[in-house]
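Participant:
In the numbering used here, the protein residues as written are 6 to 173.
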């Protein structure tokens, strides 16, 4: 029995490093693309790439969809602290559930994205967004790689919970 549990622990440990590695890859992709946008575009620049998609440079000092963007500055440190605490909680959750594939994938996506946006807030005081989808003159709020990973992770968390409920 001890042999089986040590094998399970080693698999969980390997899975933990897999999920942390995925989070790191997301973080690096996010930061690389943001550095490229900052170096290539001025604030407000837009490059149409198709009839429904532009690359833009937008600064978001608020949260999702620019929520609290005009709040006067306190939101920078609030969202930085919130993101930091959430990142620590997600790392703890990964240590507890590293063997759960869909859950681990979901948390790794959210973790990589959250840390990417926290880094922006610390370095710049805002999050750099650059993906602009639109249709018939209506623009979806611009977002970035971190936001995409967070969204994918959230969808996977919901799917994981639905599948868990169906099994139990």
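Every residue gets a Cβ at the ideal spot worked out from N, C-alpha and C, and that includes glycine. Please read these numbers as outputs of a predicted model, since none were measured by experiment.
With H, G and I counted as helix, E and B as strand and the rest as coil, what does DSSP make of residue 149?
Facilitator: In the displayed model, residue 149 falls within coil according to three-state DSSP, outside both helix and strand.
Participant: Return the chain-ordered list of same chain residues with a C-beta closer than 6 Å to the C-beta of residue 50, the five sequence neighbours on each side being excluded.
Facilitator: 62
Participant: Using a Cβ-Cβ cutoff of less than 7 Å, which residues in the same chain neighbour residue 36 once the five nearest sequence positions on both sides are dropped?
Facilitator: Here the set comprises 121, 124.
Participant: Pick from 165, 135, 30: whose alpha carbon is nearest that of residue 102?
Facilitator: 165
Participant: Between residue 9 and the rest of its own chain, which residues show a CB-CB distance below 6 Å, the 5 nearest in sequence each way excluded?
Facilitator: Here the model assigns residue 9 a pLDDT of 48, short of 50, so the residue's position is not dependable, and the following value carries that caveat. Closer than 6 Å at the Cβ level, and outside the excluded window around residue 9, lies no residue.
Participant: Which one of 23, 19, 34 has the shortest CA to CA distance from residue 113?
Facilitator: 23
Participant: Among all the DSSP beta bridges, which residues are the ones paired with residue 140?
Facilitator: Note: residue 140 sits in a beta bridge opposite 143.
Participant: What did DSSP end up calling residue 134 once you bin it into helix, strand or coil?
Facilitator: strand
Participant: Do you know how far the Cα of residue 115 is from the Cα of residue 6?
Facilitator: With a pLDDT of only 47 at residue 6, under the threshold of 50, the placement of this residue in the model should not be trusted; the figure read from the coordinates follows. Approximately 35 Å, taken between the alpha carbons.
Participant: Apply the 10 Å Cβ neighbour rule to residue 150 and answer buried if 16 or more other Cβ atoms are within range, or exposed otherwise.
Facilitator: Counting other Cβ atoms within 10 Å of its Cβ, residue 150 reaches 16 or more and is therefore classed as buried.
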